[in-house]
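Note that the protein sequences, when read in sequence, are chains P and V.
Here the first sequence is numbered in the UniProt record's numbering, starting from 1 and rising by one per residue.
Here the second sequence is numbered in the UniProt record's numbering, starting from 1 and rising by one per residue.
Ideal placement from N, C-alpha and C gives every residue a C-beta, glycine not left out.
Read the structure below first, then the notes.
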Amino acid sequence: MPRVKVARKSTAIDMTAMCDVAFLLLTFFILTAKPRVEDPVPVDVPGSIKEIPIPDDNLAIITVGQNKAFFSVEGNDVRRSLLQQMGELYGVQFTPEEYAKFEVLPIFGVPVRSLKQFLAMDADQKKNYEQPGIPRDSVSNELFNWIRESRKAAKALHNQELRVSIKGDSKEEYPVIKEVIDILQDQEVNKFSLITTLRGASK
Amino acid sequence: MAELDTSGGGKKGGKVRSKKQSTRVDLTAMVDLAFLLITFFMMTTTLSKPKAMDLAMPDKDKKEENTLDVAASRTMTILLGTNNQVMWYIGEPGKTPPSKDNFGKNGLRKTLIENKESVRNKTGKTMFVIIKPSDKSVYKNMVDVLDEMAITNIDSYGIVDISPVEIDLLKRDGLY
Numbered sequence: 001m002p003r004v005k006v007a008r009k010s011t012a013i014d015m016t017a018m019c020d021v022a023f024l025l026l027t028f029f030i031l032t033a034k035p036r037v038e039d040p041v042p043v044d045v046p047g048s049i050k051e052i053p054i055p056d057d058n059l060a061i062i063t064v065g066q067n068k069a070f071f072s073v074e075g076n077d078v079r080r081s082l083l084q085q086m087g088e089l090y091g092v093q094f095t096p097e098e099y100a101k102f103e104v105l106p107i108f109g110v111p112v113r114s115l116k117q118f119l120a121m122d123a124d125q126k127k128n129y130e131q132p133g134i135p136r137d138s139v140s141n142e143l144f145n146w147i148r149e150s151r152k153a154a155k156a157l158h159n160q161e162l163r164v165s166i167k168g169d170s171k172e173e174y175p176v177i178k179e180v181i182d183i184l185q186d187q188e189v190n191k192f193s194l195i196t197t198l199r200g201a202s203k
Numbered sequence: 001m002a003e004l005d006t007s008g009g010g011k012k013g014g015k016v017r018s019k020k021q022s023t024r025v026d027l028t029a030m031v032d033l034a035f036l037l038i039t040f041f042m043m044t045t046t047l048s049k050p051k052a053m054d055l056a057m058p059d060k061d062k063k064e065e066n067t068l069d070v071a072a073s074r075t076m077t078i079l080l081g082t083n084n085q086v087m088w089y090i091g092e093p094g095k096t097p098p099s100k101d102n103f104g105k106n107g108l109r110k111t112l113i114e115n116k117e118s119v120r121n122k123t124g125k126t127m128f129v130i131i132k133p134s135d136k137s138v139y140k141n142m143v144d145v146l147d148e149m150a151i152t153n154i155d156s157y158g159i160v161d162i163s164p165v166e167i168d169l170l171k172r173d174g175l176y
């Protein structure tokens, strides 16, 4: 009786197509990945049902948490001219290295006077350094100037009105938020956005 | 696909040919690595982008000729107190008794919908909501109230500073 022989097939499959797809996807994800900006203070953003995504460019964010204000603005060119204008305003000279460092600084919360010192730190030191927040009292309202100068810079470079957003911590007391809103209103920014996270409509 | 034609021609003569090696490479490890990296990048990309809520504040130096009086009967004032509590009243402070309320589906939202209906039935116009956060309220309360405005489709609202009379009201009921 003849035995039925099962034809042995090779288990090696052609991986080429799979490899192509995998690398295509990998390239896509690498290119679209954006480094997540760590907030210097923990900020728990309140939820809302609004679904307007925040734009990627032409945006300034004022992060408020633990009674401190931090400032960040999008765009390397905007940041460069912002530092230049702020240096002129406060009489501080910055070196080209400091310009280069400030260009890639995502968020900061130090007074202009100690900005040099802050820029000199490396990434690890910056992380451990407890930033005092940008002064916003009536004696030296630096936050006001940071916002105004970045609006000027955005206008000059991109001919666009800078969008200002407030990213506040849920537990932040209202007077602090009100101070920031007042600073914005003092320069006639009456329309701005509050950054929220999405939540279901039925809470 | 990744293989080249390695089958030589027919046997011709007794020439010594160098043995052709297969160009086939084992891609398994490479694919493994690629998928590992894909997984990593997929996990680290922020899936839920933060959203924004637009807010327009009234101009600070008001030009009197541009302001429009809103009838007291169709304004509802919401005072934000401490511990996520709110107080609201229709009309002017002191004239109508304020009510306490809390956030949530059966709290402020229900009240807003009811008041919206009753104002429309009485005056035939939309309700105007004045939000007055007190110094004891937190940022979340403000966002929550603005959110309720969006949920209940109230288009006309404004954030105004609280007055001492209203702080007294809050104090009386232990919300300040």
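Cβ contact check for the segment 57–71 of chain P and the segment 113–129 of chain P: 3 or more pairs under 8 Å: They do not touch, by the three-pair rule.
Neighbouring residues, chain B, relative to residue 133 of chain V (Cβ below 8 Å): In the displayed structure, chain B is absent; the protein chains listed are P and V.
Neighbour flag for residue 43 of chain P against chain V, beta carbons, 8 Å: no
Distance, residue 100 of chain V Cα to residue 107 of chain V Cα: The alpha-carbon separation between residue 107 of chain V and residue 100 of chain V amounts to approximately 9 Å.
CA-to-CA distance, residue 154 of chain V to residue 78 of chain V, given in whole angstroms: Counting only the Cα atoms, residue 154 of chain V lies some 13 Å from residue 78 of chain V.
Segment contact, 8 Å Cβ cut-off, at least three pairs: the segment 71–80 of chain P with the segment 98–110 of chain P: yes
Same chain, Cβ closer than 6 Å to residue 82 of chain P, five either side skipped, listed in chain order: 149, 150 and 153
For residue 36 of chain V and residue 184 of chain P, the rounded distance between their alpha carbons: 46 Å
CA-to-CA distance, residue 17 of chain P to residue 21 of chain V, given in whole angstroms: 22 Å
Residue-chain proximity (residue 144 of chain P, chain V), Cβ-Cβ < 8 Å: no
DSSP-derived helix/strand/coil call for residue 127 of chain V: coil
Ordered list of alpha helix (DSSP H) runs contained in the segment 78–103 of chain P, each at least 4 residues: Those alpha helix (DSSP H) runs which fall completely within the segment 78–103 of chain P and span 4+ residues are 96–103.
Residue 54 of chain V burial status per 10 Å Cβ neighbour count (16 or more: buried): exposed
7 Å Cβ cut-off: residues of chain P touching residue 147 of chain V: 48 and 49
Chain-order list of residues whose beta-carbon lies under 8 Å from that of residue 85 of chain V (same chain, five-residue window excluded): 100, 101, 102 and 175
Assigned secondary structure, residue 53 of chain P (DSSP; H/G/I helix, E/B strand, else coil): strand
Ordered list of beta strand (DSSP E) runs contained in the segment 102–189 of chain P, each at least 3 residues: List check, beta strand (DSSP E) in window: 163–168.
Proximity test, Cβ basis, 8 Å: residue 78 of chain V and chain P: no
Test: residue 193 of chain P CB closer than 8 Å to a CB of chain V: yes
Beta-carbon proximity check, residue 92 of chain V vs residue 71 of chain V, cutoff 8 Å: No, the pair does not count as a contact, with Cβ atoms beyond the cut-off.
Residues that DSSP places opposite residue 48 of chain P in a beta bridge: Note: residue 48 of chain P sits in a beta bridge opposite P/198.
Assigned exposure category for residue 136 of chain V - 16 Cβ within 10 Å defines buried: buried
Residue 89 of chain V: contacting residues in chain P (beta-carbon distance under 8 Å): Within 8 Å Cβ-Cβ: nothing; residue 89 of chain V doesn't reach chain P, min ~20 Å.
Neighbour-count burial assignment, residue 59 of chain V, 16 or more Cβ in a 10 Å radius: exposed
Residue from P/85, P/53, P/21 and P/96 whose Cα sits closest to the Cα of residue 146 of chain P: P/85
Span of the alpha helix (DSSP H), counted from its first residue to its last, around residue 140 of chain V: Counting along the chain, the alpha helix (DSSP H) containing residue 140 of chain V begins and ends at 139–151.
Residue 35 of chain V at chain P interface by Cβ criterion, 8 Å: yes
Any C-beta of chain V under 8 Å from that of residue 150 of chain P: no
Neighbouring residues, chain P, relative to residue 42 of chain V (Cβ below 8 Å): 29
Any chain P beta carbon closer than 8 Å to residue 38 of chain V: Interface residue, yes.
Validate contact between the segment 104–121 of chain V and the segment 166–173 of chain V using beta carbons, cut 8 Å, 3 pairs: The answer is no - the segment 166–173 of chain V does not touch the segment 104–121 of chain V, with fewer than three Cβ pairs under 8 Å.
Within chain P, partners of residue 55 of chain V - CB distance below 8 Å: 191, 192, 193 and 194
Segment limits, beta strand (DSSP E) that includes residue 7 of chain P: No beta strand (DSSP E) contains residue 7 of chain P, which DSSP labels as neither H nor E.
C-beta atoms of residue 34 of chain V and residue 23 of chain P nearer than 8 Å: yes
Cross-chain neighbours of residue 168 of chain P in chain V, by beta carbon under 7 Å: Listed along chain V are 139, each with a C-beta nearer than 7 Å to that of residue 168 of chain P.
Cβ-Cβ distance between residue 15 of chain P and residue 27 of chain V below 8 Å: Yes, Cβ-Cβ distance for residue 15 of chain P and residue 27 of chain V is below 8 Å.
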